[in-house]
Amino acid sequence: MTYQHNASTRPVRSDPPWEATLASIDGGVVVSCQAGPESPLNSPGILAALAQSAERGGAAGFRVDGPANIAAIRPGSDLPIIGIRKRHAPGSDVYITPTLGDAQEIVAAGADIVALDGTPRPRPGGERLETIVERIHDDLRVPVMADIATGDEGLAAHDAGADLVATTLAGYTTPGDRRTGPAFDVLDRLAAAGARCVVEGRIWTVEDVRRCFDAGAYAVVIGSAITVPEFITRRFVGATRRAR
């Protein structure tokens, strides 16, 4: 069943104080400065250096996981930080900022925007997406980016009050959805509905970025193609004689 978008259900806020924050990433490249637990780069100081390097290259902001890493990056830059907290919660598949408490921690560490799982999957403690979004707006006074996998999920998150909707989870949560490139189909649907769509995931080339913005993306988030040397190296090594 296709989700029926109803713009009238979206909370109306006159000139929210975070519009300037959102405008600062409009049309820009946000660089994801993250490292898995197995990565040699998994250190707050190293990730802060990556962020500073990305800013020198023209990044519009950063996407950062965890209070410690956010706190390390914050003093070295005035660019907006999209903060997340990845953690496994018992009884829930939601992994990206699953609770309001997680949002509170990353904002306290210096995040300017809270990114969270915007899918309809059950959250720990029975928390509801629309309630978390409202509390983030009212209590923390920052905007929200909802990470979703499908157009239906994006429209529902938009109607729930999310300021930005990102394609972060496309290809990861829906059975049979195997993607090799950006989720242009999700972008097309969300942009047509008037949602501010951020494209994240599988952006590898300048052409990908151009196509995203030509299709109406509000911003793009790039991680592996910029800040994960092993992925970058592997792509080049794959073109050598040794790999054939």
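Quick note on numbering: the sequence shown equals residues 2 to 245 in the working numbering.
A virtual CB, placed ideally from N, CA and C, is assigned to each residue, including glycine.
The model shown is predicted, which means the values in this text are computed figures rather than measured ones.
(Q) Among R64, G217, I107 and A158, whose alpha-carbon lies nearest the alpha-carbon of A184? (A) G217
Q: Determine the closest residue to G127 out of A161, A110 and A90, with distance taken between C-alpha atoms.
A: A90
Q) Just reading off the beta strand (DSSP E) that R212 is part of, what are its end residues? A) Taken as a continuous stretch (DSSP letters only), R212 belongs to no beta strand (DSSP E), being part of the alpha helix (DSSP H) at V207 to D215.
Q: Return the Cβ separation of P81 and G62 in integer angstroms, given the expectation that the two are a contact with Cβ distance under 8 Å.
A: 4 Å
Q: Give the range of the beta strand (DSSP E) segment to which E201 is assigned.
A: C198 to E201
Q: Answer with buried or exposed for R124, where buried requires no fewer than 16 other C-beta atoms within 10 angstroms of its C-beta.
A: buried
Q | Beta-carbon proximity of V65 to V108, cut-off 7 Å | A | no
**Q.** C-beta atoms of G119 and I149 nearer than 7 Å
**A.** yes
Q. Since S225 is in the alpha helix (DSSP H), which residue starts that stretch and which ends it?
A. S225 to T228
Q | Unbroken beta strand (DSSP E) run spanning I83, endpoints | A | I82 to I85
Q) Which whole runs of the beta strand (DSSP E) in the segment 154 to 181 are 3 residues long or more, in chain order? A) 165 to 167
Q.
Taking the alpha-carbon of D116 as reference, which of L23, F237 and E231 has the nearest alpha-carbon?
A. Rather than Asp, the amino acid found at residue 116 in this sequence is Ala. Ranking L23, F237 and E231 by Cα distance to A116 puts L23 first.
Q. Who are G59's beta bridge partners in DSSP?
A. According to DSSP, which records beta bridges pairwise, G59 is partnered with nothing at all.
Q: Keeping to the same chain, check which residues put their C-beta closer than 6 Å to that of V145; ignore five residues upstream and five downstream.
A: V115, V134, I137, A163 and D164
Q: Any chance you could list the alpha helix (DSSP H) runs of at least 4 consecutive residues sitting entirely within the segment 110 to 161, in chain order?
A: 130 to 136 and 152 to 160
**Q.** DSSP three-state assignment for I97, whether helix, strand or coil
**A.** strand
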